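Numbering (our numbering), first residue to last: 3 to 301.
Think of the CB as a built atom: it goes at the ideal place given N, C-alpha and C, for glycine as much as any other residue.
Please read these numbers as outputs of a predicted model, since none were measured by experiment.
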């Protein structure tokens, strides 16, 4: 089976076990009452929607938790596009564990494929530009690791995994710092000051990013040379001006520019053409239609 090979089982298996426990609880009383314990079945998972398939290794892991003797054979590769009504996985083995895991499998497969499909739509729009389509932390609680995996399968890149792996100074940090400044200090901290404070207290290998809302703030932040400046809800025209301003400075491209907020399929190419380095899109994981999947037992 061809997978992306970067899923950490130690992180994934507890999520899958919790999901199975949520659904099965004390036991599947319907299956136990009606299906003989030695019954076996052959079944196929079919996608009713066209889209990018993501989650094949998850299916394998779930069924392995239920019963290691279940055989799982994908008929498509992870990250490939499947047309509607296509069988994407063949399953064979003991009936009870397959039927008990059915809904959990379909929930994960549909959700992750939905994320990958939406991401692919954005990456296809900007493929001729040297720009990354990135996710955000607007993820489903406890499913962030898997949803960010789905973004990668769809061709996107991951932004911060959590609060520990990159400094991102947002508007509320800035407001709080300015509200809490010392009474003996008559100077309001500038964005340059705030970046410098963060840099002094952060390990050198950790990137520092700051959010700005207009060109004036952008020019102020550029003086501190952070690793990344986020252009929050700024227009395409202002994004172009920010790129031009950066180009006029000695260290062209030393500071990466990220657009965030208000990006849609209709305007993402315009933002990409502005020359920014990254475009982060919360809706990749926050506003997603799951692909409709079904498991069909073969007669």
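request  = Spell out the partners DSSP gives residue 49 in its beta bridges.
outcome  = 88, 295
ask   = Is the beta carbon of residue 154 less than 7 Å from the beta carbon of residue 292?
value = no
ask   = Do you know offhand how far residue 73's Cα is from residue 62's?
value = 8 Å
ask   = With a Cβ-Cβ cutoff of 7 Å, do residue 102 and residue 30 count as a contact?
value = yes
query = Would residue 55 pass as a contact of residue 37 if the rule is Cβ separation under 7 Å?
reply = no
task = Could you tell me whether the Cβ of residue 191 comes closer than 7 Å to any Cβ of chain D?
result = In the structure shown, chain D cannot be found, because there is only a single protein chain.
query = Does DSSP classify residue 3 as helix, strand or coil?
reply = Only weak support is given to the placement of residue 3: the predicted model assigns it a pLDDT of 41, under 50, and the question is left unresolved by the model.
Bridge partners - residue 75, DSSP secondary structure assignment = By DSSP's assignment, residue 75 forms a beta bridge with 92.
When 193, 295, 58 are compared against residue 170, the one with the closest alpha-carbon = 193
key: Contained beta strand (DSSP E) runs [length at least 3] in the segment 90–154, N- to C-terminal order   = 134–136
query = Shortest alpha-carbon distance to residue 246 belongs to which of 235, 259, 27?
reply = 259
query = Are the beta-carbon atoms of residue 229 and residue 210 separated by less than 7 Å?
reply = yes
ask   = The alpha helix (DSSP H) spanning residue 210 covers which residue range?
value = Residue 210: not part of any alpha helix (DSSP H); member of the beta strand (DSSP E) spanning 210–214, first to last residue.
inquiry  = Measuring alpha carbon to alpha carbon, tell me which residue in 150, 67, 164, 96 is nearest residue 387.
reply    = Beyond the ends of the chain as shown, which are 3 and 301, falls residue 387; an answer cannot be given.
key: Simplified DSSP assignment, three categories, for residue 252   = coil
inquiry  = Pull the bridge partners of residue 202 from the DSSP assignment, please.
reply    = Its beta-bridge partners do not exist; DSSP assigns none.
task = Using beta-carbon positions only, say whether residue 120 and residue 92 come within less than 7 Å of one another.
result = no
inquiry  = I need the boundaries of the beta strand (DSSP E) containing residue 80, first residue and last residue.
reply    = Here residue 80 belongs to no beta strand (DSSP E), and DSSP marks it neither H nor E.
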